[in-house]
Every structure is written in C-alpha cells, then in structure tokens.
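Chains as they are written, first to last, in this note's numbering: chain A, 366 to 744; chain B, 950 to 1336; chain C, 15 to 256.
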C-alpha cells in the first residue's frame, strides 16, 4: 500500500507530538485495562465453579449460625446425593496476626470423593484419613510461608479457646482455592468439647442437572425446624462472597468509563491540532489530485495507528504488571487479579475506536474543505 | 517586570476548543481523585470514628477482631471490678459485654448481606456515649426487640421504626433508630445479648467486652492487668488502636486510588504538554516580540507556566464541582475484615478539595514546564523570523 | 566612546551556521551613526541589513567586533541584562507590526511600560500621550484585528516611543502597507525625529524612504557599500528625475 509510507512519514514528522500522544493514550489505557479486569475476575471465579456438582448448605440465618451435625444423616438419605461432609471454620492465626489465611476443619472420610478436582494425590488423601492431626495446605500458602510436606505447624485459636498442632501431609492445586488450609474435624471436635454443631455441610450430587432438585429437597426438609437451612450451588456460594465487593466493582467500572472519556478528549485535541496545522498541505495534495476520500482515510489511519500503538503499550504493560505483582486485597478472594486475553482485545478495540472518532470530525472537514480557501492559507 | 496575566487568560480563551479539551481531561482526572478520596474518607470515618478515646476493648488473646474472639462469663466477672473502670453514679460499672453476630438480612432490591447484630446489655449506651437513640426507644431486655443503626435504613428491608425485622431464627421488632456520628455502629442492629446468644445458639459466651476508663485512669495498667491476671488472661487495647487496625481496608483503597489517579494524571499531563507545545509554537512571533521589547527570558517562561497553571487549576475546580454530587451519597461496602457490611457515606472534606486543587496545579506545572522552557530558550531572531 | 554617536560598529562580523553552511551576514563592518539622525539602511535581499538592525537592537550578538549603542557597549552583555537594556533604550517597529493579538491597542502600547516602575496612573498617562502623538487616541480599546494595516503600524510606533527610548529601530516599517499608509508612517517617523530628537534607524527597500531620511547606508553582501545623504526635503518629482 503506497499510502502507508505517507501515513508513517506524517506520524514521524513531529516525533515529539506523536510520542506524547501515544504515551498519553498508553498510560490511560493501562489504567483502563487494569480497571476493567477487576470485575472479570468475578466472572472467571464463578465460571470455574459453574460445572461443580457440590452444594453448600448452611443455616438460613447466616454463616455465623451453626447447624446440627445430626443433619448429616438426613442429608445422606436424599435421592441423588452421593457424599455429605461437614465443615467448620477455625480461623486460627499462624505466626503474626497479619499472616492470616483461611483455615477450616472438614470430615476426613470421603473427602477424596467430595473434592476430586482439588489435585490431591491418592497417597496424600490416604494420609489425611489416617493421621488425626493431618492437614492439607493450598499451594499459595505453602509458597508464602515456605512450608513443605511433613512439616508441623501450629495455629493459634481465636474463635476457639485452644491451639491446634497440625502435620502437613498434602497440598492442593487445580480448582482448589489456593490459600486454604483443611484439617480434620474430629480433631477439632475433640479439642473443642462442644460437640454437635457445624458451620456448613457440603453435599455432592451425582449429576449437575439434579442440583436444583436437591437444593429444594434439602431446604424444604429443614423448613420450620430450629435450624432452617439455606442451600446453594458452589458457584452461587462463592459468588455471594464476591458480592460484598460490589461497590468496589462498580467503582472500577465507573473509573474505567471516565478514563476512556479522558483519553477521547486528549486524542481528539491532538488530532484537531495536528490536522489544523497541516491544512495548507492537505489543500496542496488535493489540488494535485488526491481524492478527498483518500486524504480522509490517511488522516484516520494516522490517528488509529497512534491509538493502537498506545493501546498495545498500555494494555501490554498492565498485563505484565498484574502478572508480576499480585495486586488485590489481602485475605479476600481478590488476592490475584489477572488479565484475561479478552481484555486485551477489548482495549485494542477501544483504542481503535478512540483513534477513529477523535480524528473523524477534523479529518472530514479538512478533506472536504474548499480547495481554494485552503490554498489561501498556504500562500 | 512580568507579562500581564490577562495575556495568558485571553490566549487560553482564543484557542477555545483546545483549551476546553485539555481542561476537560484534567477535570476528569481531578474528579476521579475527589471521588476516590471521598470514598476513602467516608470509609475511614465510618470505621475509625467508631472508636471512643476512653474505651478499652477486651478480646481473647491472639484475636484480631471481635468476629473471631470468644470469652467466658467468669472472665467477665473477674474483670468487672478492676479499679480503672469507670462507674456510674448509681454504682453500675461501665463494662459492656458484647456479642456481634453476622446475620443475613434482605437488601431492598434483592439479595442478602451479612449485617452485624450486636448483642448488648443496656449499659452499652453508657459505654458508647456517642450512640444516641434518635427515634423511638431502647429495646427492652429479654424481648425480641432491637434498635437499628440509621445507616441501614433505605438499604435493607424492614429497618424502619415499628417494622418487624427478620434475621437469625426469628422475628424482631424495631423499636428504635440509633445514630453514631457516622461510625460503624450505624451499620449494626443492637438487641439483648441473651436473646442474641440464644438465637445464634452460642451458649453463654461473649465475643468481647468494652470497658470505659475512669477519669485519669491508666489504660496501659488496665491492659497489663487484663493480660496478667490468671482469672482473666485476655488481650486489651484501646478502641482507637483497635479501629485503626480495622481501617486496613480503607488504607488499601487509598493506595490503590492514589495509584489510579496518579497514572491518569500522567496521561492528562502528556495531553497538556502537547497542547502547550502547540501553543508555544503557534505564538512564536509573539514570544519573539515580547523578548525583543525587553521582557526577560524568565518572564516568558513564567508566563507560559502560569498559563498552564491557570488552565489546570480552573479545570481542577470544574472537576471538583463535577464530583461534588457524590458528597453524602450513602452506600454499603463489604468489609472482609469484619466479614460484614459497612454502611458509609462518601465524604468530600475540605482537605480533599485543597488536595485536589494542589493535584491540579502540579499537573499544570509538570505539563507546562518543558514547553515553557522552550519558549524561554528560543532565540529572538529565529522567533521573529518565523512568520 | 564618543557620546555623539548613537551607534558605533567596529569591525563587526556576524556569521550564521545553517546546517553545514556558513553565512557571513555581516563582514567586518565599521560605521558610526550620529545621534539625532533619521537614517535608512538599504540594500538588496541578503545584504545583511536586517542582521545589522538586530545587532543594533540588541536582539542578536555579533560573532566578532564591538557594538556600542547609545554610548553603551552591548557586545558582551548577557541576555538577562540585554533584556533590561532593550526595555530602556530601544523602541522596535516591525514590518508585520507584531502586535499581540489578544491585547487591545492600549494594552499593546502599555507593554514596554510594564518593565518600568511607573504606577498604573502614570502608565496610563504615557500610553494616552503616545497614542495621541500617532493620532490613534480614539482607537485605544480596539483589538489589532479591528484596525487597518496603517493603524496597526501606528500603534506599533506608539509602543516603540512610549518608554522614551534612546533609539527607535524599524525593520521595513512600510513593507506591508499601501502607498498612502506608507507615506503617513514615514511622515510620522520624520515628526518623531524632528520634534522629539529621536534617533531613528530604519531598514527598508522602499525607494520613497530616501526622501525622508538624513543619511542612507547601503549594504551589499554583508559589507558597507556606501554612505549617502538622504534626499530629505526634496520633492517626489525631483527624486523621480534623479
């Protein structure tokens, strides 16, 4: 394309202006792509749990209320239910108070059937079922505190008036939450001396299609009892934790929108300035014989190219930065925000659109302007 | 010896569109700054304003928040008669045992959030004097009555006076509305501690105790006694310290917000730089003339810097005005530290307005610096030649 | 330095570098221009007349040689000091007027006074006087775009005299004007010279100018080619026949 050379030459003509514009767009799109990634993390987490056949059943009043362990047997009798496991939150502290990570106690029997997707090897599960003080630790927590298999750790109790001493027998990966620690509920029960109540029951169903039916059966079964239940699929359960950040998400989206507006203004300004300065030249080109349409496309191509360059730099940098530093908020599930490839594409589309729209008005008027009028500004 | 400011102001107005677009970019950045800082200020105020300077909070050793703390009746009985605790004229000791429980409540518009239901005894009102009942009355003990924090009204169902609020395992009558000067208690529901214990089937445990210091009492001495006494053996800290630690959420948001605003500012600065460079190059003859007339090079540089500054600060003021409607907007925020929802309002403080203007001024200075220097460094002859 | 010389050039050379090329705009020019004269510097394009004017006005520096204006040697002055010196001693008139478009006629004329310590009231008095001298007192609040070419130049001249400079330096003052306006401007300059004893140095290639000046200095290719008396007072027809 012979015009590409012209377009490039024009861009390089005022190197300073081109660089400043590209950088301005790059910086703004850096922020934009980072902000837009925030809500998509939710989608990503939810989609990972979408196909799960697990149901979380807890007290209808909230997670701070408990349900009787006796419910376990009743749950096991419901059709399509394969496995039922009880779980309680321990909330212990490892080392410093700021070194928090989620730690819970679960029933060891059938844990491998409940969580086959947690990447725990058969041998490690066997150990978990055999040793009373066994615990399984998520990969992220292992790395964070430099823990290894076979190590003994102590968690100081906060909710419970005692500490627990545990032996790490395995780690999980795959679809498991990467920072959790699971130990055995019978160990907790014995130490607590408060038998009979748990925070949550996990119920595994044979097929995903049967999940709604089982949820209904569970909640109806315990309606009007002293501890009514509320059951939800694992996806919904995880989603409810993320829901508390909804203000945060809305802010991120709003900011992203404002950033795009800002870039639009800056780009439009630059485009108008540079086109205005070249009015005379454009007139000369038209008097030579270049059709208005060609001139319009060249001017638009310049603007779009700059915007895309900015988009690639900005989005690329954001991708790298997010990967290198795990950005996000502490103990929450947002501890890692990573950029999806879809965001990269979205950012580039936004960049191209900005490039197009910002130059459209000045380019059209310059390309269409009465040649004689325009030439007068050259003389 | 200075070039008159009206030269700069009129020059800005002459290139109206360019000025407006650059100004618009800066205004947006400043607006973002104000919105984010107002969020942080609102959060911070809701969290840290809750602390009473005379109170000490007592938790289980090692617990970081009330949520994961539990202590027993005999521990409470042992601490009640410590000398550092204030007493009411009638002899009652200002010690408030409390049990906050996260209970799901219906949001207006659908969905449920964890709201803190705090089981308290009537003495709590004396220990937390900032909490005032603004409508209705305090609940009667051993009945399912509650008072609701005014921050919850409008966001959650059945939180108005006289309504029947459903949470936990029962129904509760709202007999009063309380205000806490914007602190986090306004996002809570308070009920009788025994009823809350029963409802949550927690047995006879408290989560924490709030103690009011007697006038002149030594907080450190009390805290040491709480830890050392074998019958008590609990961890105490002043409420001020306690809530400061809780504000970690607000601090994280402030850092994130600043990063976003600064990066956006960089983008706007590049845009402003572009505009100023264009301004300088289109006014080369004027610059040459001014220099030839005898205005010192520094006067020229200052003039262009001022122009950039005037543009930026004016745009900044507009940005502040754009963001103003958010002041007082109340919303809710899931605080993962307390595992419950906090109602707060955006607060555009005077300090934020000043900071925003300074921020705008800095953008103007940085963006205008290099172009202004270029204006200064031009050779007069070349500047006059370029017609 | 002799005080009766308004301008004193001693072996002044000015070399410009344009990429790899060296241009000798002025080559070893020595000349003295007496005080109180209205003189013209004339010559073909590229003769160095504008360069000479720039050196006199202190907006350019000689490559070698000594330049003294109004008994002060300006060849070695730093830019910061030159700026102040210009403000006090030089009044500039340009071919394209060079008025600041966003300032009114009044404000344009006031500009040089902002570099002095006069009060606002004093400045106003001087500006009004200057505008009256050039005959534009009624157009004080007009912007340059609302004035004709001739009027703009008169405003520029008012600006040049308002601070009572030692020397008025004019670069092609009639270059962009029609015949009638040009004559008006030249007459005005003569008046300034006669009535207020202002030394005026004018670069021009307008042949009419010869009838208004005391002396004509001719430059050619950067060298002083000749000095002649002007044809001041001689009528237009007479010069046409000369």
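Idealized CB from N, CA, C, for every residue including glycine.
- Residue pairing by DSSP places residue 1116/B opposite 1119/B in a beta bridge.
- Residues of chain B whose Cβ lies closer than 9 angstroms to the Cβ of residue 74/C are, in chain order, 1328, 1329 and 1330.
- Under the three-state reduction of DSSP output, residue 112/C falls in the coil class, being neither helix nor strand.
- Counting every other CB atom within 10 Å of its CB across the protein chains shown gives residue 974/B a total of 16 or more, marking it as buried.
- In this structure, the straight-line span from the alpha carbon of residue 1023/B to that of residue 586/A is close to 39 angstroms.
- The stretch 511-531 of chain A makes contact with the stretch 446-462 of chain A: 3 or more CB pairs, one atom from each, lie closer than 8 angstroms.
- If the five residues before and after residue 151/C are omitted, its C-beta is found closer than 6 angstroms to the C-beta atoms of 145, all from its own chain and listed in chain order.
- If you draw a straight line from the Cα of residue 31/C to the Cα of residue 99/C, it is about 27 angstroms long.
- Considering only 421/A, 378/A and 392/A, the residue with the shortest C-alpha distance to residue 605/A is 421/A.
- Following the DSSP letters along the chain, one finds residue 172/C inside the alpha helix (DSSP H) bounded by residues 163-175.
- Under the criterion of beta carbons closer than 8 angstroms, residue 434/A and residue 548/A do not qualify as touching, at roughly 17 angstroms.
- In this structure, residue 1165/B and residue 1256/B do not form a Cβ contact; the two beta carbons are roughly 60 angstroms apart against a cut-off of 8 angstroms.
- In terms of beta-carbon proximity, residue 634/A lines the interface with chain B, with at least one pair separated by less than 9 angstroms.
- Per DSSP, residue 486/A lies in no alpha helix (DSSP H) segment and is marked neither H nor E.
- DSSP, reduced to helix, strand and coil, places residue 133/C outside both helices and strands of the structure shown, so it counts as coil.
- 9 angstroms or more divides the Cβ of residue 571/A from the Cβ of residue 414/A.
- Residue 989/B is not a Cβ neighbour of residue 1283/B, given a cutoff of 9 angstroms.
- Under a criterion of Cβ atoms nearer than 7 angstroms, no residue of chain A is adjacent to residue 1023/B; the nearest Cβ is some 12 angstroms distant.
- By the 16-neighbour rule on beta-carbons within 10 angstroms, residue 1037/B is exposed.
- Against chain B, a Cβ distance below 8 angstroms from residue 100/C picks out 1241, 1242 and 1243.
- Beyond the five residues adjoining it in sequence on each side, residue 1057/B comes within less than 8 angstroms, by CB distance, of 1103, 1104, 1105 and 1106 in the same chain, given in chain order.
- The residues 1009, 1154 and 1156, in chain order, have a CB closer than 7 angstroms to that of residue 1019/B in the same chain once the five nearest residues on each side in sequence are set aside.
- In this chain, the beta strand (DSSP E) harbouring residue 79/C covers 78-83.
- Put simply, the CB of residue 431/A is near chain B, with a gap under 9 angstroms to one of its CB atoms.
- Annotation for residue 188/C: 196, 199 and 220 place their beta carbon closer than 6 angstroms to its own, counting only its chain and skipping 5 residues before and after.
- Between the stretch 1060-1073 of chain B and the stretch 1135-1148 of chain B there are three or more C-beta pairs closer than 8 angstroms, enough to call the two in contact.
- If you draw a straight line from the Cα of residue 1078/B to the Cα of residue 1194/B, it comes to about 22 angstroms.
- Cβ proximity to chain A below 7 angstroms picks out 1201, 1209, 1212, 1213, 1215, 1216, 1217, 1219, 1220, 1222, 1223 and 1224 from the stretch 1198-1224 of chain B.
- Flagged as an interface residue toward chain A: residue 1118/B, by a C-beta distance shorter than 9 angstroms.
- Per DSSP, residue 1129/B has no beta-bridge partner at all.
- Residue 1161/B sits in a strand when the DSSP states are folded into three classes.
- Per DSSP, the beta bridge partners of residue 500/A are 533/A and 548/A.
- The C-beta of residue 609/A comes closer than 9 angstroms to at least one C-beta of chain B.
- Ranked by Cα distance from residue 459/A, the first of 578/A, 471/A, 546/A and 576/A is 546/A.
- Contact annotation: in the stretch 1303-1330 of chain B, residues whose CB is within less than 9 angstroms of a CB in chain C are 1328, 1329 and 1330.
- Residue 1298/B is outside the set of residues whose beta carbon lies under 9 angstroms from a beta carbon in chain C.
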